[in-house]
Amino acid sequence: MSDEDEIILAELNDDELVQQMHDDLYEGLKEEVVEGVEILLDRGWTPYDVLTKALVAGMTIVGIDFRDGILYVPEVLMAANSMKAGMAVLKPLLAETGAPKVGSMVIGTVKGDIHDIGKNLVSMMMEGAGFEVYDIGINNPVENYLEALEEHKPEILGMSALLTTTMPYMKVVVDTLVEKGMRDDYIILVGGAPLNEEFAENVGADAYCRDAAVAVETAKEWVAKMHNRRASA
Amino acid sequence: MKPNLIIGCGAIAQELVTIIKANGLQENLEVTALPAIWHNTPQKILPGLREKVTAAKASGKYQHIFIGYADCGTGGQLDRYIEDEGLQRIAGDHCYAFYAGQDRFAALFEEELGTFYLTDYLARHFERLIIQGYKLDTNPELLPMMFGHYTKLVYLAQVEDSELDRLARQAAEKLGGLSYERHLTGYGELGDFVREAAEASREL
Ligand code: B12
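First to last, the protein sequences are chains A and B. The first sequence maps to residues 163 to 395 in this note's numbering. The second sequence maps to residues 993 to 1196 in this note's numbering.
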């Protein structure tokens, strides 16, 4: 971009700035996104509003265009990097201002699999939606899941797999939870491109989520259901 | 007698043709390729394949049709389709496995999980498909997000070719200095698949 048509973020009104931040996020312009976050905070926006209206809303557009094949993996990674940089500014402030906590989740890619782009994206969007996320990384045997569940006591367990050979491991994890009488203590969400609803049902998960936006919606729905059930129990 | 047809992934098209020629099967077997880039969007494979199969059947030019794909991330959908249509595909999950052989691939995978695999095709097109495809040239900060968990590159070579060996070695370097191994696999189970596909017309 030439100097003449460079946009001065601070000169935009709030709506224009948020719109511009969505564009910057889409283009993966990390510095610009961070600058936008700081400007909105200076203007008295709550960290929570900046997070949801500027970052999460922008990333949702990226997610839709990825699903529709308009964007590919590198663009998504760049957008995610920008969002992460913006979130790094907001995180300490969110903790201070007591943003709403929706629930918590342990998430990890299953044993034998080191694909993690999708999982990382889900983690980020869940965090953006107000979930506490404990990401246990890649190549997780059932012991790792158990340990993390024990330690963090989340409502949700999330598992990711991208390989035909590793998908079935999800069943090993669910079966172990059943054996230990822990299955019903958790909402189990699974994802990864080659999975589908039928597969999720077969392994005994609660739901399959085809992308991060669906993951957030599904998680909110199930957590609300769980809390209602516990309240009435 | 009508020939058979393999409808397969563009990433193995050259190999299919080479095997057919080397075995003198040109009379028995033809090849049609679909875009190799669908590797990245496996949801496109089945619709594309279905169109080709329907057209090939309608043409009346072929005796039998074979599918030159492994599972390739179609999540069981490809299998359901070929079962419904009474077709056959190459066994296994992906090309790395059928070149190396299922057991040998499983052993390699077990030995070092953080391994990225190249075939002749991928070694030849590494720069375009991986470096440019994932924008690692213009955005090197993406490298750790893509390949941060990888420690090793294994080149599964179909043919002896020092230029491809050089390119594969260079690929390992570009992915952040991965350790490098080359295994000459030949065409592995793909060879058997092609010969079987060619045989099927002789039976009639
Ligand atoms: C990018 C990619 C890679 C990257 C991974 C980088 C990384 N850090 O993860 C690289 C290039 C390194 C790679 C390597 C390999 N890959 Co790969 N890879 C892909 C590809 C093209 C896209 C996956 C991806 O990241 N998508 C982007 C994200 C955003 O989408 P996603 O993962 O689907 O996640 C979304 C949803 O599924 C969901 N979701 C995901 N997880 C979860 C979890 C929960 C709890 C929830 C709620 C939701 C959810 O939300 C996410 C966000 O929207 C797929 C093809 C495909 N489209 O699936 C092949 C694919 C998965 N890979 C495949 C293969 C074979 C390999 C290799 C063996 C190839 C090689 N040359 O060595 C190696 C693996 C080696 C090893 N040791 O494991 C095959 C698997 C085939 C099979 N039958 O199993 C595929 C299907 C390609 C193909 N068509 O054959 N790969």
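Think of the CB as a built atom: it goes at the ideal place given N, C-alpha and C, for glycine as much as any other residue. Since this is a predicted model, take the numbers as computed values, not measurements.
Alpha-carbon to alpha-carbon, residue j and residue i
i	j	result
Y188(A)	P209(A)	21 angstroms
L213(A)	M245(A)	9 angstroms
M163(A)	H1117(B)	Low local confidence applies: a pLDDT of 47 at M163(A) is under 50, so the model's placement there is unreliable, with the coordinate-based value given in what follows. Each residue's Cα considered, the two are about 32 angstroms apart.
I350(A)	L1008(B)	43 angstroms
A362(A)	A386(A)	21 angstroms
E1152(B)	A1014(B)	15 angstroms
G1106(B)	M321(A)	19 angstroms
E193(A)	E289(A)	21 angstroms
D1157(B)	L1167(B)	16 angstroms
L1110(B)	V199(A)	42 angstroms
L1196(B)	S1154(B)	Note that L1196(B) has pLDDT 47, beneath the 50 cutoff, so the model's placement of it is unreliable and the number below is only indicative. Approximately 43 angstroms, taken between the alpha carbons.
V224(A)	G1093(B)	39 angstroms
A1160(B)	A219(A)	41 angstroms
G1002(B)	S266(A)	44 angstroms
L179(A)	A250(A)	19 angstroms
I999(B)	G1040(B)	10 angstroms
N1131(B)	I1029(B)	21 angstroms
E1181(B)	Y1091(B)	6 angstroms
Chain B contact residues for residue i, given Cβ-Cβ distances below 7 angstroms
i	result
V235(A)	Y1126
T326(A)	D1063, D1085
I276(A)	L1105, G1106, H1141
N358(A)	G1067
A369(A)	The premise fails here: A369(A) is roughly 16 angstroms from chain B at the closest Cβ pair, so nothing lies under 7 angstroms.
Residue i burial status per 10 Å Cβ neighbour count (16 or more: buried)
i	result
P1136(B)	exposed
M993(B)	exposed
T326(A)	buried
I226(A)	exposed
R1081(B)	buried
H1031(B)	buried
K273(A)	buried
I276(A)	buried
E1133(B)	exposed
K281(A)	buried
L1176(B)	exposed
P397(A)	Lying outside 163 to 395, the shown extent of chain A, residue 397(A) is not represented and no answer is given.
N302(A)	buried
G1052(B)	exposed
D176(A)	exposed
T1033(B)	exposed
T259(A)	exposed
T1066(B)	buried
G1084(B)	buried
beta-carbon residue i near the ligand B12 non-hydrogen atom, thresh 7 angstroms
i	result
I1059(B)	no
N243(A)	no
I223(A)	no
Y1088(B)	yes
D227(A)	no
L325(A)	yes
I1012(B)	no
G1002(B)	no
Y348(A)	no
R372(A)	yes
V235(A)	yes
S1154(B)	no
P316(A)	no
T259(A)	no
V1023(B)	no
K281(A)	yes
D278(A)	yes
F1185(B)	no
T1107(B)	yes
G1065(B)	yes
I269(A)	yes
M1138(B)	yes
G1169(B)	no
G354(A)	yes
Cβ-heavy atom distance, residue i to the ligand FMN, below 7 angstroms
i	result
V295(A)	Although the ligand FMN was asked about, the structure shown includes only the ligand B12 as ligands.
Within chain B, partners of residue i - CB distance below 9 angstroms
i	result
M240(A)	K1127, N1131, E1133, L1134
Per-residue contacts from residue i into chain A (C-beta, under 7 angstroms)
i	result
T1033(B)	G231
Cβ of residue i within 8 angstroms of any chain C Cβ
i	result
I300(A)	Of the chains in the structure shown, none is chain C; the protein chains are A and B.
Chain A residues whose Cβ lies nearer than 8 angstroms to that of residue i
i	result
M993(B)	By Cβ distance, chain A contributes nothing, its closest Cβ being about 36 angstroms from M993(B), past 8 angstroms.
Per-residue contacts from residue i into chain B (C-beta, under 8 angstroms)
i	result
A377(A)	The premise fails here: A377(A) is roughly 18 angstroms from chain B at the closest Cβ pair, so nothing lies under 8 angstroms.
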